[in-house]
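Chemist: So for the first sequence, the numbering used here puts the first residue at 199; every next one is plus one.
Got a structure for you, written out below as structure tokens; questions coming shortly.
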Amino acid sequence: MVLRVYNTLTREMENFIPFCGKKVNMYICGPTVYDHCHLGHARSYVSFDVIRRYLIYRGYDVNYISNITDIDDKVIDRAKEKGEDLFALSRKFTESFIEDMKALRVLAPDAQPKVTEHIPEIIEAVETLINKGTAYSTHKGNVYYDLMRSEEKIGTLSHQTVKGLLEGSGGRIEVENDKKYQLDFVLWKSAPQGETGWESPWGRGRPGWHIECSVMSMKYGSQQLDIHGGGMDLIFPHHEAEILQSESCTGKHPFSKYWLHNGFLTINKEKMSKSLGNFFTIKEVLDKFSPGTIRFFIVYTHYRNNIDFSGESLEEAARARKRLLNTISNVKHALNEAHKDGNDCRLTELINETRETLINSMDDDFNTREAIGNLFVFSRKVNYIVSNEAHSRAALEDVLEFISEIDGILGIFGEEEHEAYKNIPEGLPEYKIMEMIGLRDRAREGKDWVKADAIRDELKEKGIIIEDGNDGTKWRKG
RNA sequence: GCCGAGGUGACAGAGUGGCUAAUGUGACCGCCUGCAGAGCGGUUUUCCGGGAGUUCGAAUCUUCCCCUCGGCACCA
């Protein structure tokens, strides 16, 4: 079975074959750091994190690059508005972003370049474009990409025509009177006196929005990427512009072999975005839900579909995920108890079967929804076997190992989630819990249900859930 | 105007030509339990937007229609 991916470039499913053997250069557009990131960003970065982890799982050597855009109009405007130093502001939100990603167990990129640290390289690229004749500078100190020089190339990704673009833009295209052509986009923007800028052959200025990704993906990856990804909203104009710039810079085609785009996070079917003001920051959501739950919520939908966010939908995800967590708990508990030793080929077989279906699902354009569907079946069968059939200790350990193998891809369980079952709430040491369970056991032996239930209620109030079973009483954090 | 996504049970959401259409949530019933929880089993009555066509066979392919949503020089 080969890995197949949906390529925005061709709008088709394609076999995934990197340029060079098992080596994969993967570039994901990072955030513009002018504010805390919202759940829509989390959706994107968690999705690509899973894709990256899966590629690694399948034996690829992945070089994962994701940038930080720390200079652009939005950052400048926000700093002005807040009366803060621009660099202090972008540093603050860069840190906030990295913190969020860490909390969500998104693996750190192999390279995470910042635009402000690559100004010389950007200037050099702009010069190359001017020398090649695909860019021009103006008397105002701006440099534009000359679209008329490669008009036939516009729309390779977005499948738009110049005519359609001009008709639909509804006057939203910036009117800069030094542009040769209305659709030309800026590579270098002159900075007015008193605004952040760097010296360049065209005067003081700063990079345009698209050029940084071209420059940094080449520096840390390759002139030709295997995968370039980002949100669907970046297809046009951002990724389109990147293709034009990069290909005319290097003369190599294609700039990226595969283009992957994730769907949006919506609220009441509307896209969550800062400009609409209908967003929840990652930090706000992390206050109420665990990282595993948030990841599960995201991964429980295929990356190209929109996810409609609501408190209810997250709670539903939390309940669904708990089924899987309960299986882990059941297996761990069985390990701690005397158990029915016996033929364990059922579990071994089940693990192998599940692994196979999981790989098939993931190979189909990273179909995490189907993969998790398989996981629920696995979970149900494990629960059944653990409580009804003979099984060996080794087989139980294999189950846990398999679960952590999956967790390495999806990251929906995580170590601290396993630990959550034994995490001790503050002010309630474990011996105290065991003591109370002991007291309750004695009450139960004497059929003193009132006392037994009172102890159970008391523990519940403190966040400990008691579960009686045939082989003793289990407790876990509620 | 141009480009795109989608309509599957109460809800969410897989499946893209072929046994009884995954899976989860919710609801209900049963087993287990002192009760509860968790778990297991079952039920949720023709669930594939509508018409026409292709086919031995269509949720899946073709065509027309209806409806919803997104993008179009801010954006993950």
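Note that beta-carbon positions come from the ideal geometry of N, C-alpha and C, so glycine has one too.
Please read these numbers as outputs of a predicted model, since none were measured by experiment.
Report all residues from its chain with a CB closer than 6 angstroms to the CB of G368; omit the five preceding and five following residues, and keep chain order.
Modeler: Residue placement at G368 is poorly supported in this model, since its pLDDT is 47, which falls under 50; the coordinates are not used for a value here.
Chemist: I'd like the span of the alpha helix (DSSP H) that includes Y498, first residue to last.
Modeler: Note, Y498: premise wrong, no alpha helix (DSSP H); not H, not E.
Chemist: Determine, using beta-carbon pairs with one atom in the region 298 to 318 and one in the region 347 to 363, whether at least three such pairs fall under 8 angstroms.
Modeler: As far as the Cβ criterion goes, the region 298 to 318 does not touch the region 347 to 363, which means the pair count is below three.
Chemist: Could you check the C-alpha separation between I635 and F494 for me, to the nearest Å?
Modeler: Their backbone Cα atoms lie some 32 angstroms apart in a straight line.
Chemist: Here's a check: name, in chain order, each residue in its chain whose Cβ is nearer than 6 angstroms to the Cβ of S508, leaving out the five neighbours to either side.
Modeler: Excluding residues within five positions, none has a Cβ falling inside 6 angstroms.
Chemist: Can you tell me which of the three DSSP states T336 falls into?
Modeler: Three-state DSSP puts T336 in coil, outside helix and strand.
Chemist: With H, G and I counted as helix, E and B as strand and the rest as coil, what does DSSP make of S388?
Modeler: Strand.
Chemist: Give the single residue among E587, G609 and W647 whose Cα lies nearest to the Cα of A301.
Modeler: Ranking the options by Cα distance to A301, first place goes to G609.
Chemist: By DSSP's criteria, S454 is part of a beta bridge. Which residues make up the other side?
Modeler: Looking at the DSSP assignment, S454 forms a beta bridge with L423.
Chemist: Can you tell me whether P405 is helix, strand or coil according to DSSP?
Modeler: Residue state, collapsed to three classes: strand.
Chemist: Taking K649 and A641 to be in contact with their CB atoms under 8 angstroms, please state how far apart those CB atoms are, rounded to whole angstroms.
Modeler: At roughly 4 angstroms, the Cβ-Cβ gap stays under 8 angstroms, so K649 and A641 are in contact.
Chemist: Taking 7 angstroms as the cut-off, decide whether the C-beta atoms of S242 and G429 are in contact.
Modeler: Yes, the Cβ-Cβ distance between S242 and G429 is below 7 angstroms.
Chemist: Measuring alpha carbon to alpha carbon, tell me which residue in Y501, A652 and G490 is nearest R567.
Modeler: R567 has its Cα closest to that of Y501, out of Y501, A652 and G490.
Chemist: With DSSP run on the structure shown, which of helix, strand or coil describes L463?
Modeler: DSSP places L463 in strand when its eight states are reduced to three.
Chemist: Go through its chain and collect everything with a Cβ distance to I406's Cβ below 7 angstroms, but skip five positions before and after it.
Modeler: Correcting the residue identity first, residue 406 is Gly in this sequence and not Ile. Excluding residues within five positions, the ones whose Cβ falls inside 7 angstroms are F383, V384, L385, W386 and K387.
Chemist: Among N565, N476 and R578, which residue has its Cα nearest to the Cα of N524?
Modeler: Cα-wise, what sits closest to N524 is R578.
Chemist: Please list the segments of the alpha helix (DSSP H) lying wholly inside the region 288 to 338, counting only runs of 4 or more residues, in order along the chain.
Modeler: Those alpha helix (DSSP H) runs which fall completely within the region 288 to 338 and span 4+ residues are 317 to 330.
Chemist: Counting only the same chain and skipping the five closest in sequence on each side, list residues whose C-beta sits under 7 angstroms from that of T555.
Modeler: For T555, where only same-chain residues beyond five positions count, the Cβ hits under 7 angstroms are N572.
Chemist: What would DSSP say about Y629, mapped onto helix, strand or coil?
Modeler: Here Y629 sits in helix by DSSP.
Chemist: Under 8 angstroms: do the region 274 to 287 and the region 458 to 466 share three or more Cβ pairs, one atom per stretch?
Modeler: They do not touch, by the three-pair rule.
Chemist: Is the beta carbon of V222 less than 7 angstroms from the beta carbon of P216?
Modeler: Their beta carbons are under 7 angstroms apart, which means V222 touches P216 by this criterion.
Chemist: Report yes if the CB atom of H589 is closer than 7 angstroms to the CB atom of L533, and no otherwise.
Modeler: Cβ distance not < 7 angstroms, so H589 and L533 don't count as in contact.
Chemist: For the region 468 to 481 against the region 444 to 460, do three or more pairs of beta-carbon atoms, one drawn from each stretch, fall closer than 8 angstroms, so that the two count as touching?
Modeler: Contact fails: fewer than three Cβ-Cβ distances are below 8 angstroms.
Chemist: Mind checking E299: buried by the 16 CB within 10 Å criterion, or exposed?
Modeler: Per the sequence shown, residue 299 should be read as Met rather than Glu. Result: buried.
Chemist: For the pair the region 248 to 258 and the region 389 to 407, tell me if three or more CB-CB distances fall below 8 angstroms.
Modeler: Touching, no.
Chemist: Using 10 angstroms around the beta-carbon of I320, count the other beta-carbons present and answer buried if the total reaches 16, otherwise exposed.
Modeler: Under this definition I320 is a buried residue.
Chemist: Quick one: what does DSSP say D485 is sitting in, helix, strand or coil?
Modeler: Helix, per DSSP.
Chemist: Kindly list the residues whose CB is nearer than 7 angstroms to the CB of S356, restricted to its own chain and excluding five residues on each side of it in sequence; keep chain order.
Modeler: Answer for S356: I433, F434 and E438, listed in chain order.
Chemist: Using only CA atoms, which one of Y204, H239, T206 and R250 lies nearest to G606?
Modeler: Cα-wise, what sits closest to G606 is R250.
Chemist: From the DSSP output, in three-state form, read off K672 for me.
Modeler: Correct three-state label for K672: strand.
Chemist: Using a Cβ distance threshold of 8 angstroms, determine whether the region 442 to 454 contacts the region 325 to 335, with at least three qualifying pairs required.
Modeler: Segments in contact, yes.
Chemist: CB-CB under 7 angstroms to L284, same chain, minus the five flanking residues each way: which ones, in chain order?
Modeler: The residues are V273, I274, A277 and T394.
Chemist: Any heavy atom of the ligand MG within a distance shorter than 6 angstroms of the CB on M560?
Modeler: As far as ligands go, the structure on display features none, and thus does not contain the ligand MG.
Chemist: Buried or exposed for D270, please, with buried defined as at least 16 other CB atoms from any protein chain shown within 10 angstroms of its CB.
Modeler: By the neighbour-count rule (16 or more Cβ atoms within 10 Å), D270 is buried.
Chemist: Taking the straight line between their C-alpha atoms, what separation do you get for E410 and C227?
Modeler: Their Cα atoms are separated by approximately 10 angstroms.
Chemist: Could you tell me how far apart the beta carbons of I549 and V597 are, in whole angstroms, since I believe they sit closer than 8 angstroms?
Modeler: I549 to V597, Cβ: 7 angstroms. Contact.
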